Structure formats: structure tokens, C-alpha cells
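In my numbering, the protein residues as written are 39 to 178.
C-beta: ideal position from N, C-alpha, C; glycine also.
As the structure is a computational prediction, the values presented were derived from the model and not from experiment.
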Ligand SMILES: [Zn+2]
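Shown next as C-alpha cells:
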């Protein structure tokens, strides 16, 4: 689907461990760049809702890696919300997309209780199709 995707190895080198939220950040960011026809690093803003605490906040590192939007540049922010959603905006044309986790995904995430299980789920999610994981709203 994407010509370039952050590898799990690259992600773990940056983040320090492998978990499902990290992987979901990689996938969500790659999907957003593709849908918004957006270049990495400077061409987008990312707002991450409902991912303030670990392990959910691991999502933010996956998003920084995949989109190149970073805290250092100020083009990614986190906001409070009862559920996770991620809003991406193309800074050139103002188009946005918002991703939410599908219920089936939330159920899988909530079942994970051990580090071992979270690694297994992370690897599985990395191989899944985006349409299995996210609901997408867009202004495109
Ligand atoms: Zn983590």
C-alpha cells in the first residue's frame, strides 16, 4: 500500500519496546499521509486525542515516526478526550482526516494483559489492512 513504511525495527530503536499502540501510530500516520497526499515532516499538523497515559500514549511516538510531525517542531499535540482519535490536517490545502479505532480493535487492545501478549498483538496489527483497524472521517 505504501512505498515506505517505518519498520518495526526502526520504531523499537526509537521508542524502546514493541507495543500495539506504537504500531497503530505507525499505521495511522502512513494512512493519513497517503489519504491527504501529504509530505512528511512539515506539511501536516497532528492532533492526538485521548492518549495521555501509557500505554496509549505510545501511539504518539508511532505518529511522530510515521508522519515526521514532532514535538520539537510543534506540529503534533495531544489533547484530552474519553476515546482515542487522531486528526491530521494538510497544511497546504487544509484538508483533514480523522481516524478512530474500530470497536473490534479496541476489544483486542483491552484483552492484552502481558508484555508478551502486547508484542504478539503489535506484530499482528502491523500486518493488518488499515480498513480493519480504523474508521475514517475526511473533508476530502
Ligand atoms: Zn510504548
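For this session: Classify residue 45 as helix, strand or coil using the three-state DSSP reduction.
Result: Along the chain shown, read from residue 1 onward, the residue named residue 45 stands at position 7. Correct three-state label for residue 45: coil.
For this session: Using alpha carbons as the reference points, say which of 107, 111, 89, 143 lies closest to residue 118.
Result: Reading the chain shown from its first residue, position 80 is the one you call residue 118. It is 89 whose Cα lies nearest to the Cα of residue 118.
For this session: For residue 41, count neighbouring C-beta atoms within 10 Å of its own C-beta (all shown protein chains included) and say buried if the count is 16 or more, exposed if not.
Result: The count along the chain shown starts at 1 and reaches residue 41 at position 3. The pLDDT assigned to residue 41 is 44, lower than 50, so where the model puts this residue is not dependable; a value taken from the coordinates is nonetheless given after this. Exposed.
For this session: Quick one: residues in its chain with C-beta nearer than 8 angstroms to the C-beta of residue 147, no 5 flanking neighbours on either side, listed in chain order?
Result: The count along the chain shown starts at 1 and reaches residue 147 at position 109. Counting only Cβ-Cβ distances below 8 angstroms, and skipping sequence neighbours, we find 58, 59, 139, 159.
Exercise. When the Cβ atoms of the region 45 to 52 are set against those of the region 68 to 86, are three or more pairs found closer than 8 angstroms?
Worked result: Cβ pair count under 8 angstroms is below three, so no.
Exercise. Between residue 100 and ligand 1, is the CB less than 6 angstroms from at least one heavy atom?
Worked result: Against the chain shown, residue 100 aligns to sequence position 62. Taking non-hydrogen atoms of ligand 1 into account, the C-beta of residue 100 is found less than 6 angstroms away from none of them.
Exercise. Who's in the neighbourhood of ligand 1, going by beta-carbon under 5 angstroms from any heavy atom, listed in chain order?
Worked result: 57, 96
Exercise. Alpha carbon to alpha carbon, what distance is there between residue 111 and residue 143?
Worked result: Reading the chain shown from its first residue, position 105 is the one you call residue 143. Reading the chain shown from its first residue, position 73 is the one you call residue 111. Approximately 31 angstroms, taken between the alpha carbons.
Exercise. Curious, which full-length beta strand (DSSP E) runs of at least 3 residues does the region 146 to 178 contain?
Worked result: 172 to 176, all fully within the region 146 to 178.
Exercise. Of all the options 136, 55, 45, which has the alpha carbon lying nearest to the alpha carbon of residue 155?
Worked result: For the purposes of this step, residue 155 is taken as residue 117 along the chain shown, with counting starting at 1. With distances taken between Cα atoms, residue 155 lies closest to 55.
Exercise. Considering only residues of the same chain and omitting the five flanking positions on each side of residue 108, which have a CB-CB separation below 7 angstroms?
Worked result: Walking along the chain shown from the start, residue 108 turns up at place 70. Excluding residues within five positions, the ones whose Cβ falls inside 7 angstroms are 102, 114.
Exercise. Which residues mark the beginning and the end of the alpha helix (DSSP H) in which residue 73 is found?
Worked result: In the chain shown, residue 73 corresponds to position 35, counting from 1. Start and end: 58 to 74.
For this session: Please determine, among 171, 64, 62, 177, the residue with the shortest C-alpha to C-alpha distance to residue 141.
Result: The sequence position of residue 141 within the chain shown is 103, counting from 1. It is 171 whose Cα lies nearest to the Cα of residue 141.
Problem set entry | Exposed unless 16 or more other CB atoms sit within 10 angstroms - verdict on residue 121 | As a position in the chain shown, residue 121 is number 83, starting the count at 1. By the 10 Å Cβ count, residue 121 comes out exposed.
Problem set entry | residue 51 in three-state terms, based on DSSP | As a position in the chain shown, residue 51 is number 13, starting the count at 1. The answer is helix: DSSP assigns residue 51 an H, G or I state.
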